[in-house]
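First the structure, in the form of structure tokens, and then the observations on it.
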Amino acid sequence: MLQDVVSRYLPRINREIEKYLDDIIRKQSDELVKRYYSVMKDYILSGGKRWRPISFIMAYKGVGGREEEEAIKTSISIEFLHNSSLAQDDIMDKSLIRRGKPALHVRYADEIGSGNQVLGEALGILGGDSLLELGLEVIVSSNFQIEAKIDAVSMYLYFYRRLIEGQTLDMSYPTISLMSEEQIVNMMRLKTSSLFICSLLMGARLGGCKSNVLDVLRKYGENVGIAFQIRDDILGVFGDPEITGKSVIDDLREGKKTLLLYKTLQLAQPSEKRFIKSKIGSDDISIEDIKKIRRIMVETGALNYVEAKAETYVREGIKVLDTVPELTTEFVEFLKELAFKSVKRKL
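Here it is in structure tokens:
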């Protein structure tokens, strides 16, 4: 069922993104500004699973919304917001690759700045800001009722603020050793769950929902979002780069603060801890170092621990769905399959 939903909506979402940005580009009189938006368009359309806009559409229909075309058009708002956060996150993390291809600021440096990295980063920041604004514009210009649109805009802004709070935590703690497991989970809740929850709540609200269904979708989104991030962090070390489009070195070289790394350091022997700490955040970390760290993660039981944690969050997310008979059967099945996929995926 999940693949059927993706096949049904992903091409239509991509067409709406392309159409919307083409219209923006067409309206520009300055060639440089046209190139600015063209690079942005190519970046967004270069990949992405589109789970957030798909979830938006399914939530809209799942509570009884009938204007499917309008929902699809409006769903790109959350994809713009998501890409806004990715663009600026890559600058902060000094990441050059996104989805196996150049990050937005790298594209700007190459295609507008003639290799000027400072200009590329400046335009990448502005590009993130533009995408944030475009997402709001999509909602405001939609044909939904004004009261529902105001609520959707409020959700959009609230959850973006929550995402920023999560990024603040991530950037402000110098090392994972200074964090607790609770703080790491809270960071995932803020950074990853926020936009997933936002997708579900905006779709449901524009579909006419005002009831306790919104609270249930929030709880579901929070739990499944955390499970999704745990799996993402596992793939960051154990994934196949040919499938993920991401090197298994990147997260550890960056010193990414993950539950997997936290638990490994907690369970490792003193000599193993010293080795891992000497490598994380280091530019000279090698694939042999990664293999050794992987082995420690497996042998200490850290990998099993976080996999079990992810499964627990999925079960908690699915459990709350049984309390709301108002949702369509198709939507509930979609949410359940998406939850299970979040911890089994290889991409």
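This note's numbering applies: residue -14 is where the sequence shown begins, and numbers increase by one.
Where a beta carbon is used, it is the ideal one built from N, C-alpha and C, also for glycine.
**Q.** Residue closest to P255, alpha-carbon to alpha-carbon, out of D274, G240 and I281
**A.** Of D274, G240 and I281, the residue nearest in Cα terms is I281.
Q: Pull up the distance between the alpha-carbon of Q130 and that of L191, whole angstroms please.
A: Roughly 8 Å between the two C-alpha positions.
**Q.** Range covered by the alpha helix (DSSP H) that runs through Q(-12)
**A.** Per DSSP, the unbroken alpha helix (DSSP H) holding Q(-12) starts and ends at L(-13) to R11.
Q. Is V291 near L245, with beta carbons less than 8 Å apart?
A. Yes; because the gap between Cβ atoms is below 8 Å, this pair is in contact.
Q | Start and end residues, alpha helix (DSSP H) containing F316 | A | Taken as a continuous stretch (DSSP letters only), the alpha helix (DSSP H) holding F316 covers T314 to K329.
Q. The alpha helix (DSSP H) spanning E53 covers which residue range?
A. Segment E53 to M77, the alpha helix (DSSP H) holding E53.
Q. Just curious, the alpha helix (DSSP H) that D95 is in, first and last residue?
A. Counted as a single uninterrupted DSSP element, the alpha helix (DSSP H) harbouring D95 occupies residues L89 to E96.
Q.
Let me confirm a value: A56 is counted as buried when at least 16 other C-beta atoms fall within 10 Å, else exposed. Which label applies?
A. Buried, because 16 or more other Cβ atoms sit within 10 Å of the Cβ of A56.
Q: Alpha carbon to alpha carbon, how far is R92 from A295? Give it in angstroms, no decimals.
A: Distance from the CA of A295 to the CA of R92, rounded to the nearest whole angstrom, comes to 35 Å.
Q: Quick one: residues in its chain with C-beta nearer than 6 Å to the C-beta of L185, no 5 flanking neighbours on either side, listed in chain order?
A: Here the set comprises S40, A44, L202 and G206.
Q) Does the distance from the CB of I97 to the CB of Y21 come in under 8 Å? A) Cβ distance < 8 Å, so I97 and Y21 count as in contact.
Q.
Determine whether the beta carbon atoms of L89 and D75 lie at a separation below 8 Å.
A. It is a contact, given that the beta carbons lie within the stated cut-off.
Q: Classify L293 as buried or exposed, calling it buried when 16 or more other Cβ atoms lie within 10 Å of its own Cβ.
A: According to the sequence as given, residue 293 is Ala; it is not Leu. Within a 10 Å sphere around the beta-carbon of A293 sit fewer than 16 other beta-carbons, which makes this residue exposed.
Q.
Does the structure place the region 232 to 251 close enough to the region 161 to 175 that three or more beta carbon pairs sit under 8 Å?
A. Contact annotation: the region 161 to 175 touches the region 232 to 251, with at least three C-beta pairs closer than 8 Å.
Q: Give me the Cβ distance between S179 and L148, rounded to the nearest whole Å; I'm assuming they're in contact under 8 Å.
A: Contact between S179 and L148 holds, since their C-beta atoms are separated by about 5 Å, short of 8 Å.
Q.
Quick check on the burial criterion: 16 or more other C-beta atoms within 10 angstroms. Buried or exposed for V209?
A. Buried: at least 16 other Cβ atoms inside 10 Å.
Q) Where do the N-terminal and C-terminal ends of the alpha helix (DSSP H) with C183 fall, by residue? A) S179 to L191 is the extent of the alpha helix (DSSP H) around C183.
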